[in-house]
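Asks: All the letters of the sequence shown, read from the start, carry residue numbers 0 to 294 under numbering that gives the first Met the number 0. Each residue gets a CB set at the ideal place from its N, CA and C atoms; glycine is no exception. Quick one: the structure is below, and I'll ask about it shortly.
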Amino acid sequence: MNSLNFLGMLYVDFAALGFHAILLLVISAIVTGLVKSTPHKMPRSTYFLNTSLVTFAGGVSQFIWVMWFDAIANDYVFLIAVIDITVWIAVGYALTMLAKARSNDAFGNSRYAALGLIPIANFVILLKPSLDTTVRPVTTNATFGAPAVIIGFIVLGLGRAAGLEAEKAVERQVASLPQSENLQSLRDHYYQFHVRKDGLAAGLEYLASLETLGRIDEITDLASVSVKDDVLTYDFLITDSSVTGFNNDWVREVQAGNCITFAMAIKDGGTVRFAYKSQQNGELEDILSDLATCS
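In structure tokens:
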């Protein structure tokens, strides 16, 4: 995994916490508020329309996350991260500049622009009439007055709906993941990510987390999967009391299969252990796959 995609996956990991957009927006707004100014004034109806358009753009942009899994599997996740970061920085910038223009119109200066980014308090800057009521905008189009408010509400609703639909689209992608042709590549990339981020044990823990305990076949249960000292151990329970051991050909076949299935982990120095036991006959077989046995 190259450094750019590792950084992209770090961002995806961070974004999963759920507050990344707000954090980026706030940082962008603070920086914009400190370094940018504007002499422009904006009446409240036009302000409402423009903030609705910005909100709509932010909501629509979240459809990029539908490509999240494909981006990881095919090594362009860094691009998704850059687009998302750019969007929320742009949203923060736009909302701040709009709020400054509205503050100029409502208060005669831009010092109250921060109100535009604070829930509930933003109603102050949104609803306060223009300070100079003698000056009327020369525009007569849909960007001012009642038409702007109506369009703003429509756009605001569409933006919210777009954001919710984007979330549902991502959930559908997650649900369809087991049938995805990218599944193995996705697992490999996540394994590499965890190894690079937190070490081999973390990568093995990730592989262990993918397994589902329970019945494997008519006589075999997967009882547990654990990691200790860079060893990934699968504990199998044989429920047929007539089984007292396995033939050597079958053992070699399982070992060879593990050398392929867990090739990355073994190459990184990990060991895969398949331990077969039965309640009646105790330990039946202990199959180890590592650099020595897979060479």
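Going by alpha carbons, who is nearest to glycine 58 out of Leu130, Lys167 and Phe13?
Replies: Here residue 58 is taken as the residue at index 59 of the sequence shown, counted from 1. Among Leu130, Lys167 and Phe13, the Cα nearest to that of glycine 58 belongs to Lys167.
Asks: Do phenylalanine 68 and glutamine 172 count as a contact pair if the criterion is CB distance below 8 Å?
Replies: Working through the sequence shown from its first residue, we reach residue 172 at position 173. Working through the sequence shown from its first residue, we reach residue 68 at position 69. Taking 8 Å as the Cβ cut-off, glutamine 172 and phenylalanine 68 qualify as a contacting pair.
Asks: Taking the straight line between their C-alpha atoms, what separation do you get for lysine 276 and serine 240?
Replies: Taking the first residue of the sequence shown as 1, we reach residue 276 at position 277. Taking the first residue of the sequence shown as 1, we reach residue 240 at position 241. If I take the Cα positions, the gap works out to 10 Å.
Asks: Skipping 5 residues on each side, what residues in its chain have a beta carbon closer than 7 Å to that of phenylalanine 62?
Replies: Residue 62 sits at position 63 when you count from the first residue of the sequence shown. So the list reads Ala165 and Ala168, once near-sequence residues are dropped.
Asks: Are the CB atoms of serine 27 and isoleucine 117 within a distance shorter than 8 Å?
Replies: Counted from its first residue, the sequence shown places residue 117 at position 118. Counted from its first residue, the sequence shown places residue 27 at position 28. For isoleucine 117 and serine 27, no; Cβs fall outside 8 Å.
Asks: What three-state label does DSSP hand lysine 40 in the structure shown?
Replies: Against the sequence shown, residue 40 aligns to sequence position 41. Looking at lysine 40 - three-state DSSP - the assignment turns out to be coil, as it is neither helix nor strand.
Asks: For phenylalanine 261, which residues of its own chain have a beta-carbon under 6 Å away from its beta-carbon, when the five flanking residues on both sides are left out?
Replies: Translated into the one-based positions of the sequence shown, residue 261 becomes position 262. Result list for phenylalanine 261: Val271, in chain order.
Asks: Between Thr37, Glu170, Val194 and Ser102, which has its C-alpha nearest alanine 15's C-alpha?
Replies: Locating residue 15 in the sequence shown gives position 16, where the first residue counts as 1. Nearest option by C-alpha distance: Glu170.
Asks: Do alanine 98 and glycine 115 have their C-beta atoms within less than 8 Å of each other?
Replies: Taking the sequence shown and counting its residues from 1, the one referred to as residue 98 is at position 99. Taking the sequence shown and counting its residues from 1, the one referred to as residue 115 is at position 116. Yes, Cβ-Cβ distance for alanine 98 and glycine 115 is below 8 Å.
Asks: Rounding to the nearest angstrom, what Cα-Cα distance links histidine 188 and aspartate 83 in this structure?
Replies: For the purposes of this step, residue 188 is identified with residue 189 of the sequence shown, where counting begins at 1. For the purposes of this step, residue 83 is identified with residue 84 of the sequence shown, where counting begins at 1. Cα to Cα, the separation comes out at about 21 Å.
Asks: Where does tyrosine 111 fall in DSSP's three states?
Replies: As a position in the sequence shown, residue 111 is number 112, starting the count at 1. Residue state, collapsed to three classes: coil.
Asks: Please determine, among Ser109, Asp104, Ala113 and Pro146, the residue with the shortest C-alpha to C-alpha distance to lysine 295.
Replies: Residue 295 lies beyond the stretch modelled for the chain, which goes from 0 to 294, so this question has no answer here.
Asks: Using a Cβ-Cβ cutoff of less than 7 Å, which residues in the same chain neighbour leucine 157 once the five nearest sequence positions on both sides are dropped?
Replies: Locating residue 157 in the sequence shown gives position 158, counting from the first residue. Phe55, listed in sequence order.
Asks: CB-CB under 7 Å to lysine 35, same chain, minus the five flanking residues each way: which ones, in chain order?
Replies: Reading the sequence shown from its first residue, position 36 is the one you call residue 35. Result list for lysine 35: Met96, in chain order.
Asks: For the 8 Å Cβ check, are there 3 or more pairs between the stretch 222-230 and the stretch 194-203?
Replies: The stretch 222-230, when compared against the stretch 194-203, does touch it at the 8 Å Cβ threshold.
Asks: Considering only the alpha carbon of each residue, which of Ser208, Asn49 and Val194 lies closest to lysine 266?
Replies: Taking the first residue of the sequence shown as 1, we reach residue 266 at position 267. Selected option, being the one with the closest Cα: Val194.
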